[in-house]
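Take a look at the structure set out below.
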Amino acid sequence: PSVSLSVMPFLFFALLTTKHVTYSPKSICALKGSTVIMDCTYSYPAGHTVQTAFWTKSLPPAAGVEPPDLLDDPEYRDRVQYLRDKSCRLSLRDVRESDQSKYYFRFITDKPGGKWQGTDGVYLSVTGLQVEVPERVMEGDKVTLTCKTTCRLTDRTSFTWYRNGASLSSSTEQLYVQSASRENRDRYSCGVWNLFSPEIPLDVLYGPKSISVSISPSGKIVEGSSVTLTCSRTSLVTKGENFTLNNISSVNSEGYKCKSSNEHGEKYSDAVTLNVLYPPKNTSVSISPSGEIVEGSSVTLTCSSDGNPPVQKYTWFKDGGSSPVGSGHSYSFTLDSESSGQYYCEAQNEHGSRGSEAVLLNFKSTND
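All the letters of the sequence shown, read from the start, carry residue numbers -23 to -1, 1 to 345 under mature numbering (1 follows the signal peptide of the UniProt record, and there is no 0).
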């Protein structure tokens, strides 16, 4: 019987300990920088008078040792406020990440054993705001941005969205961008009350655009020189940007274009043609009329040559002589014994000259 009498008071005290402080709610999610309110109610037996009431982050470490009061903690004393009535309300302003913890209300009366602390406590989770964007955004995509927190905010919340610092009309945790564009380079942030997330750029991926080829050196390109073609673009390419042609010749005059590609697409430039300048080449003489020519007939010799710029001067020579016998693209005369012989032409432009092989002009005598 003596044992049962000693156990019953202990059980009765334990029940008082757990029932005399009630927290509501028992968990809170708050934003960094905000003010949070923790609420509880407490009661005590008739005849008791409360001497001390405070909030703490600790349970009693040992019998006879009181946990520390938040008002005595330099990290809290300037940020907490108590309402010392039957509604034990704690106000904590400028919430910090380091404030994430469980908080307990404790009170002590003037009677022996009159110490109560609700062991459930209030757990405070602390979160910031962060704009969440899709991992991959292509130009033209419809994009959903989300204002994220690491815990669900306890208070019903209206969100504010900002683009490049200007507020938008959306008031929910999600913002819809109808068509992503690389041109905008927009930065987005979200806010709750007067607390804001960092600005996040919307990085839009796109394939190469505005591809063009430039020629270096600019100006005249003379046969035998070197030319570098450079591919310009508005997106990174996967191959080299430059293509160099050494000892360039007239056969290199065809059109060139470059292809720029990345993981999001590819695009070709317009073709560019190299205007390669070179002296006359492939110079030759043609005879009109062709075939057998009768003495006294009119003959026309025509000089043909390929050059860039085009041949500017044609000169005619006879029988290997150094003095010209005529000039111009064509040379006409009457064929007789004086004018028969070997003829060749020389074609010339600003980059050089080239002579043709000689052609032999004979005639058929009218006496034959």
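Think of the CB as a built atom: it goes at the ideal place given N, C-alpha and C, for glycine as much as any other residue. Because the structure is a prediction, the values reported are computed rather than measured.
Helix, strand or coil at residue i according to DSSP, with G and I counted as helix
i	result
residue 74	helix
residue 49	helix
residue 229	helix
residue 175	coil
residue 56	coil
residue 223	coil
residue 236	strand
residue 198	strand
residue 323	strand
residue 155	coil
residue 245	strand
residue 82	strand
residue 31	strand
residue 129	coil
residue 65	coil
residue 338	strand
residue 11	coil
residue 259	strand
residue 188	coil
residue 213	Since pLDDT at residue 213 reaches only 39, below the 50 mark, its modelled position is unreliable, and the value read off the structure follows with that caveat. Coil, per DSSP.
residue 330	strand
residue 42	strand
residue 170	coil
residue 270	coil
residue 164	strand
residue 253	strand
residue 19	strand
residue 265	strand
residue 218	coil
residue 26	coil
Cβ separation of residue i and residue j, assumed to be a contact under 8 Å, to the nearest whole Å
i	j	result
residue 34	residue 78	5 Å
residue 200	residue 165	In fact, because the Cβ distance is near 57 Å, the residues do not count as touching under 8 Å.
residue 122	residue 110	6 Å
residue 131	residue 51	Rounded, the Cβ-Cβ distance is 27 Å, inconsistent with contact.
residue 265	residue 324	No, residue 265 and residue 324 are not in contact; Cβ-Cβ is about 18 Å, not under 8 Å.
residue 91	residue 19	That belief does not hold up - the Cβ atoms of residue 91 and residue 19 are roughly 12 Å apart, past 8 Å.
residue 311	residue 275	6 Å
residue 193	residue 205	5 Å
residue 48	residue 54	5 Å
residue 298	residue 258	With a Cβ gap of about 24 Å, residue 298 and residue 258 do not count as contacting.
residue 287	residue 339	Not really, about 32 Å apart at Cβ, beyond 8 Å.
Other residues of its chain near residue i: CB distance less than 6 Å, five sequence neighbours each side excluded
i	result
residue 235	190, 208, 246
residue 134	169
residue 154	120
residue 295	302, 318, 320
residue 105	9
residue 309	277
residue 248	232, 234
N- and C-terminal bounds of the beta strand (DSSP E) containing residue i
i	result
residue 310	307 to 311
residue 140	136 to 140
residue 285	275 to 285
residue 206	204 to 209
residue 289	Unbroken run through residue 289: none, as it is neither H nor E.
residue 147	Looking at the DSSP string, residue 147 is not in any beta strand (DSSP E), and its letter there is neither H nor E.
residue 119	Per DSSP, residue 119 belongs to no beta strand (DSSP E) and is neither H nor E.
residue 104	99 to 104
residue 92	92 to 94
residue 112	Element bounds for residue 112: n/a, residue is neither H nor E.
Cutoff 7 Å; reference residue i; Cβ partners in own chain excluding five residues on either side
i	result
residue 76	69, 101, 103
residue 213	Caution is warranted here: a pLDDT of 39 is assigned to residue 213, below 50, making its placement in the model unreliable, and the coordinate value is therefore given only provisionally. So the qualifying residues of the chain are 239.
residue -8	Bear in mind that a pLDDT of 39 at residue -8, under 50, signals an unreliable position, so the model cannot answer this.
residue 13	5, 7, 69, 72, 101
residue 269	341
residue 118	157
residue 218	207, 208
Cβ neighbours of residue i in the same chain (closer than 8 Å, five flanking residues each side left out)
i	result
residue 45	33, 34, 35
residue 336	262, 264, 278, 319, 320, 321
residue 95	-6, -4, -3, -2, -1, 17, 19, 81, 82
residue 253	198, 199, 200, 225, 226, 227, 229, 230, 285
Identity of the residue in the options nearest residue i by Cα
i	options	result
residue 125	116, 117, 138, 118	138
residue 226	198, 205, 233	198
residue 159	181, 326, 140	181
residue -4	7, 259, 98	98
residue 222	231, 237, 228, 203	203
residue 85	43, 175, 112, 53	43
residue 136	149, 143, 128, 144	149
residue 174	127, 54, 224	127
residue 141	157, 156, 161, 129	161
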